[in-house]
Structure formats: C-alpha cells, structure tokens
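All remarks here apply to the structure that follows.
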Amino acid sequence: MEYSGKAGRNFMCGRYHFSAELLDEIRDITEQKDWKLELGVLDRDIHPGDMAPVIVAALEEASNVPAPAKNAGTASYAGRGGSLRVCRQKWGYPGPGGKGLVFNARSESVFEKRMFRDSVSMRRAVIPVSWFYEWNKNKEKFTFTKEGSRILFLAGFYGRYEDGEHFVILTTQANASMAPVHSRMPLVLEREQVREWILDSAKTKELLGQEPPQLERDCEYEQQTLF
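According to the working numbering, the residues represented by the sequence shown are 27 to 253, in order.
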C-alpha cells in the first residue's frame, strides 16, 4: 500500500501524464460517443488528489460479481452488462484518520486489505495514461511508455466516498524494463485485457498475477527533487 501524507508527493507510481490524443482511443474502447471531459484535465500531469478519466463498467452489476474463491470454477460474468463507460474520479482513497491519500495497492495482497477487498471484487477500473514517471535512488526522473502504442492501461479499482468516487492504481513486482529504476511498477494491461479486467470476475486473480509487458524508459538526465 503506497501512502502519501501530502497529495503530490512522489512515491511509487505517484505521477502520470494524460494527453488529449487518448480521447479517441477511449471512445473506441467504451463505444461511448456522448461524453465530454473538462478541458482542465487534458494534456497535463496527474498527481494523487487530482481528478482524472477512468474506465469502468457501464452497468455496475457487470463488475459487482465478487471474484471467485481460490478453488472456485471459471465461469465468466462478462456477459452481464458487457459495456464500458468513462468517468472522472479522484486519484487516491482518504488515508487513515482522513489524513493523506492511499493511491497505490499491491496486487499480491490486495484481497487481504479490508480497505481494498470489496472494491477490487466489485468495482474494478482501468486508468488510461500516456506515460508514467518514476525516480531512481539518485532522484533521476524516468518516463515509461509502451513501444508502438500511445496509451498505457493501468489496472485499478474505485470506491465511493461522500465527495464522490476515488480510484487506486495497482502495482506489482517490476519486470526487466522497470527493475533498474524501481522494484515496483503499475500493473499494466494489454488493450484486449481491459474488458476482461473490468467485467470478468473469473479473470481477476489471473490478471493480478501476470507480469506486465516490457516498457520503454527515457531518462531526463537531470536530478529531480522528490518533495
């Protein structure tokens, strides 16, 4: 669980970029033609506490089927509802005692955490990003993208609070492309896995345990302060 005592402080997966060019791809995935996002969210870096576009089930019942037990069958629930929508949510759950934000969750232990258990079972989400940032121990800033694609799909989930819906991004053990910079990375999905993650509870545990695709990284060759 990644915890920020101050929104915007850079921990693992604590900043990413959303570009306006992603809108067409999101429309294609959701087949939702009648929505508009406030221009203020476009073409800028997103920090914990910010509002950002999130892809979720159009009909909540489609994702409200709890994930199966470890030895349960493999029946698919993708047919329940079957469509997706995009909305704007705040990044990060309110922290313990209402202090700070919890904006990442470890995929390996997410079902063990009371704060996350119901959300990952019933309200899974995908966060579309252009790229995300990470800093190494020398405070050098790296940008991560996927070769041949202008969009990354990050697995997550959301919960409901008095001030609206909040989302959390899942992290997993770093693969070879990420390990030189950090030991953790976001749980990146392939495009064809977006619907499975959101709509098919029988696939939840499998996708939580998969290794993300290899990413490209670029260093800005300048030291960045983490605070």
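Don't be surprised by glycine CBs; every beta carbon is placed ideally from N, CA and C.
{"Item": "Extent of the continuous alpha helix (DSSP H) to which residue 231 belongs", "Value": "230-234"}
{"Item": "Other residues of its chain near residue 68: CB distance less than 6 Å, five sequence neighbours each side excluded", "Value": "46"}
{"Item": "Limits of the unbroken alpha helix (DSSP H) element including residue 55", "Value": "49-56"}
{"Item": "From 213, 52, 164, residue whose alpha carbon lies closest to that of residue 6", "Value": "An answer regarding residue 6 cannot be provided, because it is not within the stretch 27 to 253 covered by the chain."}
{"Item": "Cβ pair count under 8 Å reaching 3, the stretch 194-210 against the stretch 124-131", "Value": "yes"}
{"Item": "As assigned by DSSP and simplified to three states, the class of residue 204", "Value": "coil"}
{"Item": "Under the three-state DSSP convention, the category residue 74 falls into", "Value": "coil"}
{"Item": "7 Å Cβ cutoff met for residue 183 and residue 221", "Value": "no"}
{"Item": "Contact check, residue 202 vs residue 208, beta carbons under 7 Å", "Value": "no"}
{"Item": "Residues bridged to residue 150 [DSSP beta-bridge criterion]", "Value": "183"}
{"Item": "Between the CA atoms of residue 139 and residue 218 - distance to the nearest angstrom", "Value": "28 Å"}
{"Item": "Whether residue 180 touches residue 172 by CB criterion (7 Å)", "Value": "no"}
{"Item": "Reference residue 246, options 70, 121, 164, closest by Cα", "Value": "164"}
{"Item": "Delimiting residues of the alpha helix (DSSP H) encompassing residue 224", "Value": "220-225"}
{"Item": "C-beta atoms of residue 157 and residue 73 nearer than 7 Å", "Value": "no"}
{"Item": "Beta-bridge pairing of residue 211 - partner residues as DSSP gives them", "Value": "198"}
{"Item": "Any non-hydrogen atom of the ligand ADP closer than 6 Å to residue 181 Cβ", "Value": "Of the ligands one can find in the structure shown there are none, so the ligand ADP has no counterpart to examine."}
{"Item": "Counted within 10 angstroms of its Cβ, other Cβ atoms place residue 126 as buried (16 or more) or exposed", "Value": "buried"}
{"Item": "DSSP three-state assignment for residue 156, whether helix, strand or coil", "Value": "coil"}
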